[in-house]
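Undergrad: Per mature numbering (1 follows the signal peptide of the UniProt record, and there is no 0): the sequence shown = residues -17 to -1, 1 to 225.
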Amino acid sequence: MQKYFLLLLKSFYIIMALRQFASKCGSPVWSYLTTFKAGQTSIITNSTSRILNSTNPIKEVKITSGILNKLNASNIHSSPGFIDFVANNLNKRLYTPTNTINSIKVYNDININPILIEDRINRVEILDPQTVVKKEAIRMINIRRKKMKKHKLIKLRKKMKFVFAKIRMRKELRIEQAFRTELLTKVEAADKFDAAEYVRNILDTIRYQPRQRTVEEEVERRRQLKKVNKYQTTFVKPRFDY
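1) Give me the Cα-Cα distance between Phe162 and Lys138, rounded to the nearest whole angstrom.
2) Determine the DSSP secondary structure at Arg163, reduced to helix, strand or coil.
3) Return the chain-ordered list of same chain residues with a C-beta closer than 8 Å to the C-beta of Phe223, the five sequence neighbours on each side being excluded.
4) For Lys175 and Glu159, I'd like the C-alpha separation in whole angstroms.
5) DSSP three-state label for Met143, please.
6) Once DSSP output is grouped into helix, strand and coil, what is the label at Ile189?
7) Whole angstroms is fine: what's the gap from Lys132's alpha carbon to Lys118's?
8) Any idea what DSSP makes of Arg151, helix, strand or coil?
9) Label Lys3 either buried or exposed according to how many other C-beta atoms from any shown protein chain fall within 10 Å of its C-beta, with 16 as the threshold for buried.
10) Run through DSSP, which three-state label would Ile(-4) get?
11) What three-state label does DSSP hand Arg194 in the structure shown?
12) Alpha carbon to alpha carbon, how far is Arg128 from Phe147?
13) To which residues of the same chain is Arg106 closer than 7 Å at the C-beta, ignoring the five residues directly before and after it?
14) For Asn212, which of helix, strand or coil comes out of DSSP?
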């Protein structure tokens, strides 16, 4: 910001100096166009001013300037509030604008807030969180929901009364049929039961009850089982040519 301010200030001073210099000169540039059209050439130096012509003899022509003759200055230039930048800055050197940034202390007013200029493309806009809608009378809403559920159930039972009765009757019928089938099976088994044969089997079991084996007999029996299993087992050798 300071860099642009300095460049603008310097360019303003240069333009004002050039404007004052041009206004101090006597006649404007276009006043000499008649001499150029007539085939004359004007040579203007710091000390003398001459007009040369190839056909006419050389004549001295004095060109009055505002810098040399202050009496020809306009009323604006002769005003007491006018500042002549050229006359006051003749001994000073004008510097062209450069890229260097000079530090200038700028005192701002208390009521002036500096405007922040920055790139807003990559800025993320921070939004306020959404307001949560507060539920009012939650207990009343729950009570109403329960009542509506009960009311809908009553309406459904009235509407589907006979349908539910038919479903209930079919379910009871299936249970009754299963019970009767089981009962008939037991009746058939009871009809086939022979008491004499049942008593005979019980007596045979008591009479020919097997004797309990001793420890040596149990060990021998297990050894014989291992021997039989050993000879009946075939050992498969692993193959490594896969």
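Even for Gly, the Cβ is constructed at its ideal location relative to N, Cα and C.
In this text the structure is predicted, and so the values were computed from the model without any measurement.
TA: The answer reads as follows:
1) Those two C-alpha atoms are separated by around 35 Å.
2) In this structure, Arg163 counts as helix in the three-state DSSP scheme.
3) Residues of the same chain with a CB within less than 8 Å of the CB of Phe223, apart from the 5 flanking positions on each side, do not exist.
4) Distance between the alpha carbons of Lys175 and Glu159: 25 Å.
5) Here Met143 sits in coil by DSSP.
6) Reduced to three states, the DSSP call for Ile189 is helix.
7) C-alpha separation (whole angstroms): 21 Å.
8) Helix.
9) For the record, residue 3 in the displayed sequence is Gln; it is not Lys. Residue environment: Gln3 is assigned as buried (16 or more neighbouring CB atoms within 10 Å of its CB, all protein chains considered).
10) Correct three-state label for Ile(-4): helix.
11) In the structure shown, Arg194 sits in coil (DSSP, three-state: anything other than H, G, I, E or B).
12) Put simply, the backbone Cα of Arg128 is about 25 Å away from that of Phe147.
13) Excluding residues within five positions, none has a Cβ falling inside 7 Å.
14) In this structure, Asn212 counts as helix in the three-state DSSP scheme.
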